[in-house]
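Engineer:
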Amino acid sequence: MPDNPNASQQINIELGEKEAEGIYSNLAIISHSPAEFVIDFTRVLPGVPKAKVFARVIMTPQHAKMLMGALRENIEKYERAFGEIKVFSGPVPNTPFGFQSPGA
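Numbering (the numbering used here), first residue to last: 2 to 105.
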């Protein structure tokens, strides 16, 4: 038994070949209940009126909050290295959602 019960443990994570390929998503739909958060990762394509869910992640509210903190920390690191990430405040006229580069 370790002397310090709060000492961080190292976890070996196995990454399968299929999972290593990754899934591209340009739209996440988030819903929740008192017990869990559900994040559906979808892909919206130009000219296609329907978006398909490619992955669904279900987690506890505590893990959702930890994910939010980890994302915040990593976005801050990214922006220090590469500059601010531009987020559009509204729809861009005549451009399908998610398909315009910030410099356009």
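Don't be surprised by glycine CBs; every beta carbon is placed ideally from N, CA and C.
Source: prediction; values computed, not measured.
Identify whether Ile-40 lies in helix, strand or coil by the three-state DSSP scheme.
Structural biologist: Residue state, collapsed to three classes: strand.
Engineer: Return yes when the Cβ of Ile-31 is within less than 9 Å of the Cβ of Ala-56, no when it is not.
Structural biologist: Not closer than 9 Å, so no.
Engineer: Please list, in chain order, all residues of the same chain as Asn-13 whose beta carbon is under 8 Å from its beta carbon, the five residues on each side excluded.
Structural biologist: If we look at Asn-13 and ignore the five residues flanking it on each side, it has no Cβ neighbours.
Engineer: Using the Cα positions of Val-88 and Ala-29, report the straight-line distance between them to the nearest angstrom.
Structural biologist: So the two alpha carbons sit approximately 15 Å from each other.
Engineer: Under the DSSP definition of a beta bridge, which residues are partnered with Ile-76?
Structural biologist: None, per the DSSP bridge assignment.
Engineer: With burial defined as no fewer than 16 other Cβ atoms inside 10 Å of the residue's Cβ, what is the status of Phe-38: buried or exposed?
Structural biologist: Label assigned to Phe-38: buried.
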